[in-house]
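Top to bottom, those sequences are chains A and B.
Using numbering that gives the first Met the number 0, the letters of the first sequence map in sequence onto residues 0 to 786.
Using numbering that gives the first Met the number 0, the letters of the second sequence map in sequence onto residues 0 to 786.
Glycine included, every Cβ here is placed at the ideal spot set by N, Cα and C.
Below is one structure, written out as structure tokens, with a few remarks after it.
2 protein chains.
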Amino acid sequence: MSQAVGQADLSLVDAYWRAANYLSAGQIYLLDNPLLTQPLAPEHIKPRLLGHWGTTPGLNFVYAHLNRVIKARELDVLFVTGPGHGGPALLANTWLEGSYSETYPDVPRDASGMRRLFRQFSFPGGVPSHVAPEVPGSIHEGGELGYSLAHAFGAAFDNPDLLVACVVGDGEAETGPLAASWHANKFLDPASDGTVLPILHLNGYKIANPAVLARIPHEELDALLRGYGYDPRYVEGEDPTAMHARMAEVLDQVIDDIQRIQHEARAGQDGARPRWPMIVLRSPKGWTGPATVDGVAVEGTWRSHQVPLAGVRDNPDHLRLLESWLRGYRPEELFDERGAPRPELSALVPDGPRRMGSTPHANGGLLLRDLHIPDIRAHAVEVAKPGATTSEPTRALGRLLRDVMVANADARNFRLFGPDETASNRLDAVYEASDKQWQAETLPVDEHLGRQGRVVEVLSEHLCQGFLEGYLLTGRHGLFNCYEAFIHIVDSMFNQHAKWLKTHQKLVWRRPVASLNYLLSSHVWRQDHNGFSHQDPGFIDHVMNKKAEVVRVYLPPDTNTLLTVADSCLRSRDAINVVVAAKNETPDWLGIEDAVLHCARGAGIWEWASTDDGDVEPDVVLACAGDAPTMEVLAATALLREHLPGLRIRVVNVVDLMRMQPDTEHPHGMPDREFDALFTRDRPVIFAYHGYPWLIHRLTYRRTNHANLHVRGYKEEGTTTTPFDMLVLNDMDRYRLVIDVIDRVPGLGPRAARLRQHMQDQRARHHAWIREHGEDLPEVRGWTWQF
Amino acid sequence: MSQAVGQADLSLVDAYWRAANYLSAGQIYLLDNPLLTQPLAPEHIKPRLLGHWGTTPGLNFVYAHLNRVIKARELDVLFVTGPGHGGPALLANTWLEGSYSETYPDVPRDASGMRRLFRQFSFPGGVPSHVAPEVPGSIHEGGELGYSLAHAFGAAFDNPDLLVACVVGDGEAETGPLAASWHANKFLDPASDGTVLPILHLNGYKIANPAVLARIPHEELDALLRGYGYDPRYVEGEDPTAMHARMAEVLDQVIDDIQRIQHEARAGQDGARPRWPMIVLRSPKGWTGPATVDGVAVEGTWRSHQVPLAGVRDNPDHLRLLESWLRGYRPEELFDERGAPRPELSALVPDGPRRMGSTPHANGGLLLRDLHIPDIRAHAVEVAKPGATTSEPTRALGRLLRDVMVANADARNFRLFGPDETASNRLDAVYEASDKQWQAETLPVDEHLGRQGRVVEVLSEHLCQGFLEGYLLTGRHGLFNCYEAFIHIVDSMFNQHAKWLKTHQKLVWRRPVASLNYLLSSHVWRQDHNGFSHQDPGFIDHVMNKKAEVVRVYLPPDTNTLLTVADSCLRSRDAINVVVAAKNETPDWLGIEDAVLHCARGAGIWEWASTDDGDVEPDVVLACAGDAPTMEVLAATALLREHLPGLRIRVVNVVDLMRMQPDTEHPHGMPDREFDALFTRDRPVIFAYHGYPWLIHRLTYRRTNHANLHVRGYKEEGTTTTPFDMLVLNDMDRYRLVIDVIDRVPGLGPRAARLRQHMQDQRARHHAWIREHGEDLPEVRGWTWQF
């Protein structure tokens, strides 16, 4: 398939590259005079010079060469810009190829559009300096480094005809998530998935330091990349002519190899894991920019990272340097007098959606197909009486997810990701529908490993998150299951995805994508066996800082509510859903129809557990959110019902945490009137909450009855112990809740005082018993529910 | 130096290993009958079986072999347990060697102590199942995987005589932070630092899946490790006799090589970066445990990850299997009738503090020396009048840190870590005192790189955090400087360190260590050039969830307050200090003496900015926390002073955010009376806060005047724009604050109404101007302060 690339082709690639470089530098500097039709003057220069030049010529180089092979071989390529701060490069290229002007008709491909392209860059009211959601063709911002390769693999899964070209900066390559991502080739199937072409760009420097991978001997770098399982090819140098020839040659070889690997795999040749090719591009930082400025080297050093000439507006020497730099690209050869790219350049532009700025894969909503979700009632548990039976909520969810996999098998557009915790989180029914995808070696004793699969398990939360983000943004569906405590590992990735979605929602041309769904199990109240390091419910707090339009948090208390919540999360769009659920045997509280109704409301009174006969004025409200708090509130209610039968208790359960906020703050928020109707205007409210108690205060501090709200939750006490002891350690056990009620409801009399003492005695008995026997009090273990 | 290891030595190592394995299994299972003096019966078995057997025999194997070389060569070794869930191993070994009983005299080295050792493990009121702070000899929990190697390198820096043996699990090896950590050898200096011996433990499986590195061909693994810069040696097999011989041989070679490398480097031979040795230990998971249970393979598979025999109390077959498993270690040969380890075993125990459970390096407070901190007054800026001059706060801090480096040069116990942002954060004066440590290749154009250095820069927040944690826990001092937004990358590492410190504080034998200091700069209000992805102040919220005894947050508004805060952070112990500070030119508000006083109070009235003449009843309180909010509040005050001269304004500045909490919640918390005196009981309070506004509500919801508190802060609006536009986008600009005051102070009359309109006009002018000119309004740029 390979063929020698002609000199004419390479001249065209070079012209295209020069055009992109010109347009990139123009964005950083020029307010006006975009075609340099006049001598460059200070008033043509932006007052604030912002942007990153250093990485940009290398990105332009790769983009131009990819255009050649896309065009020559009719490839579908998605471009992932690891050094996403090189925004000018992607803006330049998408404008050159026409994608940008089609997306933004107010930035046409002529002099006026070029002026606008330049002016808007890093300009107030304009476009950001990074490869942000505003940039057509992008699924990856790259401002926070580390996730490019994981995103690329996520995009390639189940996209057999897609090649994802992923530029990895040598700075980014030092990060943990990127370092782990190289091994993603142990999962990608050459038959049913697309491929990722990593292009490690060694331009030698980060902001102010050399990059590690650029400063190890060639043999060490080569061993490293071979150790990662790749077959690296090197394109190294600084002479453009030689570099063009070499890059074209290597790119042809690489595409040949990829197509051979895919052909063999798809012809059913059961080969070993392929050794995918990759490219190492070693080129100067700030290539083709000013070589020296004020007597110090700039091109090829860290000094070209951002703006190589900083004093252009005030320093005539810098202005002259800038003009000669820009004119060095010979813009008059590249753009006609109207400012449009000359027609000969268009010979390098791929057709329509093959242009990397126009690929529908980068606007995944265009490709998104609704999931077929089987009726959750098939997986519901029968609930004759609340609490009469128990079940494992996540196990039921696993069966639902299994059936989702079956129902969407043909579309191949749903995946489950997890860091080696899918079975631990009791979702293992999914293995009935799918293997775990695995391209590394296997042994006879292994179970559920296959070359293809809907389940991806790798002990890296970063990879799980990155894969899923890439998968969703290219128009598919998925869920990430994780231990609750360790989801904090991806706090920062969550931030970036939430920021991406916030902007995405505002761009009409970006079509809605499936939501990012987290299932957090093995949570703080059920990590008693692993101890303190595994006990942390703070991800919810972290999530709540992001835009209300983007984030949702659900705390289903039992199996049927979990199924209901999962159903709606899988159908939702453009959001991030956090679901925290139990995996252990949990009492079944609601039948499926009640569960559907309750989850639709998001929060409501459980009359069957209450003793206020629907009174608008109960003596106390016992509220709960989360499976463990719900159980304790209901147990406390039972104790109170038995010992203080006259007490009018209202039990409120909250599934959708966002309902706690005012409706002015969140689309799911509850109006004050409704909130007052649930929580009363003046009665004591004891709220048992899954996580850190102050979050409930933060959500409700403007509510009428906030002064009477008393919240119990996790207060960072824990160790290896029993589940009930965890509750006692954090003052959220049933005995403590009864005491809280007695302390807050006035005038309960001597009977209540005796009950209070009894509860204190029970807590003391618990402490003594558990240290002696290593398990909970018999009455806790043998508790039965009577409603 | 190497010598063949005699058969007698290996028999001793094997006996020691069997003893440790016996003690490990005993901890998981036995409530009583520790020496199996009676036939094993159900009542001897714990009611809840918790613990991780799978990794434990491998850890015991390494520990026993290390004992041999420590003893033979008088080495100082610190053991870092990557698979920290293998708690039984470290508990067993430290008990065997006597360290445990010296630390905990109530667990003596006899049958009663053994019974207690077994019983307390994973038992309520006992000890956690992991290598938690309670375990002598540990600086690393290992519950959340990924940080062992970074901790190990942190411990080795500036400890030239220390060898840190770091077991890396093959599960952990899949994580991003661990994958990045291998490259830490590009920083470690063989002359002035100690060394790290990574022991990659391939036992093949994680919880439920094979491990990637155990399932790639040998050549690929070997290339990978050589690519990381190591010289790997392999110890592979399952026959204990052969494995002992091989491990002893390899360990001798490895120590020889390390000593040769160090000797050459220290003799001044200017060699290239050394190729440090490392060990790959491939042994069965659950080695020596039950081979098969109920007909399925357990030893050598994922099924031995936790408790290989789950039904011991109820299933007589399992009980029998357990008994034969335990007796297979021949405990009667290992322990005397009193239950003490037999004297012949002690021949393998290193002397005193050379025992890995007794090394002072794992109880760093024992080695901690106070930092010499030069008088901050030497770096203070002169402040003739508030706001008359400007300075760059972090630049002044850089000079202080430089002098700290100089003052402690001999002790070599202070380091600065940063992800390539030290110069960007304007701390670059430190390079006058120290190079950046760098062992990779250099070029003539490079600046400030040296084989040794007090500054470590690597583009991985995970590595910076991990290095610093390891450095601090071994008794040194340091600071981590980072862009504010990207510190979220280490949220989860912060969690684990905070949890470690909480427990550490309660253990009297653990001596206080230096606090972990974060300097967060290039913060949300000053990342206008990089845009939305770089704008996130939420780390403070994250930090606030941890125990009050551990966390502190400071928001110094100018240079002299930053110096003051830094001084106290560097002196503090056992805490985590978060300091958020500006790097840009910032008005100087307080002279150094005022700054010292103000920071000691943590929050106070700025009389010179107030117009209430010290009145106890001002019309409004304008409060601020953070440099940008302080500037806006003072600008708003100036506008109000000019236009509404009769308005009595009190300006309150908060440096120590923890003062906002009640004194019942945090040791720095303010009593209500004091809070009321600052914020009044009933006047409107407009609070401009650096981060997400709801945090201030969360901290103050119980305060008298909370209903009148109105907070402005970052509400997740941002892009590439100007600093002032960032404030306008988030409604925290001076004009908006003036409007807030007018809207909340009743009865201000028509003049106020006109001012309000003027402020709205200014905001409209801003919007138009900035989009036209790309820079801020002239009156904002040319603002001058008059107090």
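Query raised in the report: Cα separation between Arg-245/A and Ile-198/B?
Result: 41 Å
**Report entry** chain A contact residues for Tyr-227/B, given Cβ-Cβ distances below 9 Å
**Finding:** Glu-219, Ala-222, Leu-223 and Gly-226
Report task. Report yes if the C-beta distance between Val-405/A and Ile-372/A is below 7 Å; otherwise report no. Result -> no
Query raised in the report: Can you find a C-beta in chain B that's less than 7 Å from the C-beta of Ser-10/A?
Result: no
**Report entry** Selection from Phe-186/B, Leu-201/B and His-200/B that minimises the alpha carbon distance to Thr-194/B
**Finding:** Phe-186/B
Query raised in the report: Going by alpha carbons, who is nearest to Thr-388/B out of Asp-557/B, Arg-450/B, Trp-499/B and Val-295/B?
Result: Asp-557/B
Query raised in the report: Can you find at least 3 beta carbon pairs, one from the segment 428-436 of chain B and one from the segment 483-502 of chain B, that sit closer than 8 Å?
Result: no
Query - Counterpart residues of Met-277/B in DSSP-defined beta bridges - result: Pro-231/B
**Report entry** Thr-679/B (DSSP reduced to helix, strand or coil)
**Finding:** coil
Query raised in the report: Tell me the DSSP bridge mates of Arg-312/B?
Result: DSSP output for Arg-312/B lists no bridge partner at all.
**Report entry** Buried or exposed (CB count within 10 angstroms, at least 16 for buried), Val-615/B
**Finding:** exposed
Query raised in the report: Of all the options Tyr-233/B, Gly-112/B and Lys-205/B, which has the alpha carbon lying nearest to the alpha carbon of Gly-285/B?
Result: Lys-205/B
**Report entry** Trp-324/A versus Leu-34/A: straight-line alpha-carbon distance, rounded
**Finding:** 13 Å
Query raised in the report: Leaving out the 5 sequence neighbours to the left and right, which residues in its chain are closer than 6 Å to Thr-102/A when beta-carbon positions are compared?
Result: Pro-135 and Trp-508
Query raised in the report: For Asn-184/B, which of Leu-224/B, Gln-534/B, Asn-202/B and Trp-524/B has the nearest alpha-carbon?
Result: Leu-224/B
Requested in this report: Using the DSSP secondary-structure output, state which residues sit across from Asp-655/A in a beta bridge.
Outcome: Tyr-553/A
Query raised in the report: Quick one, which residues of the segment 524-547 of chain A are near chain B if we go by CB-CB under 7 Å, in chain order?
Result: His-528, Asn-529, Gly-530, Phe-531, Ser-532, His-533, Asp-535, Gly-537, Asp-540, His-541, Asn-544, Lys-545 and Lys-546
**Report entry** N- and C-terminal bounds of the beta strand (DSSP E) containing Pro-810/A
**Finding:** Residue numbering for chain A in the displayed model covers 0 to 786; residue 810/A lies beyond these limits and cannot be assessed.
Requested in this report: Within its chain, find whatever has a CB closer than 7 Å to the CB of Glu-664/B; leave out the 5 residues flanking it on each side and keep chain order.
Outcome: Ala-547
Query raised in the report: Going by C-alpha distance, which of Arg-118/B, Phe-78/B, Ala-7/B and Ala-71/B is nearest Gln-26/B?
Result: Arg-118/B
Query raised in the report: Can you name the residues of chain B whose CB is closer than 9 Å to the CB of Glu-456/A?
Result: Lys-205, Ala-207 and Asn-208
Query - From Leu-589/B, Leu-162/B and Gly-145/B, residue whose alpha carbon lies closest to that of Val-76/B - result: Leu-162/B
**Report entry** Through-space distance from Gly-142/A to Ala-484/B, alpha-carbon basis
**Finding:** 11 Å
Query raised in the report: By DSSP, does Pro-777/B sit in helix, in strand, or in coil?
Result: helix
**Report entry** Of the listed residues His-503/A, Arg-425/A and Arg-411/A, nearest to Leu-399/A (C-alpha basis)
**Finding:** Arg-425/A
Query raised in the report: Quick one: is Arg-47/A near chain B, going by C-beta distance under 7 Å?
Result: yes
Query raised in the report: Is the segment 461-476 of chain B in contact with the segment 412-420 of chain B, if contact means three or more CB pairs nearer than 8 Å?
Result: yes
Requested in this report: With a cut-off of 8 Å on the beta carbons, I'd call Phe-686/B and Leu-708/B a contact; round off their distance for me.
Outcome: 6 Å
Query raised in the report: Who are the neighbours of Arg-214/B on chain A, taking C-beta pairs under 7 Å?
Result: Ala-439 and Glu-440
Query raised in the report: Applying the criterion that 16 or more other CB atoms from any shown protein chain within 10 Å of the CB defines a buried residue, is Arg-259/B buried or exposed?
Result: exposed
Requested in this report: Could you say which of Met-242/B, Asp-256/B and Val-211/B lies nearest to Asp-230/B if we only look at CA atoms?
Outcome: Asp-256/B
Requested in this report: Closer than 7 Å by beta-carbon distance: list the chain B residues that pair up with Pro-123/A, in chain order.
Outcome: Thr-720, Thr-721, Asp-724, Ile-769, Arg-770 and Gly-773
Query - Span separating the alpha-carbon of Val-632/A from that of Tyr-734/A - result: 10 Å
Query raised in the report: Is it a yes or a no for the segment 735-746 of chain A touching the segment 333-351 of chain A, going by three-plus beta-carbon pairs under 8 Å?
Result: no
Query - Own chain, CB closer than 7 Å to Glu-440/B, minus 5 neighbours either side, in chain order - result: none
Report task. Go ahead and pull the three-state DSSP assignment for Glu-143/B. Result -> coil
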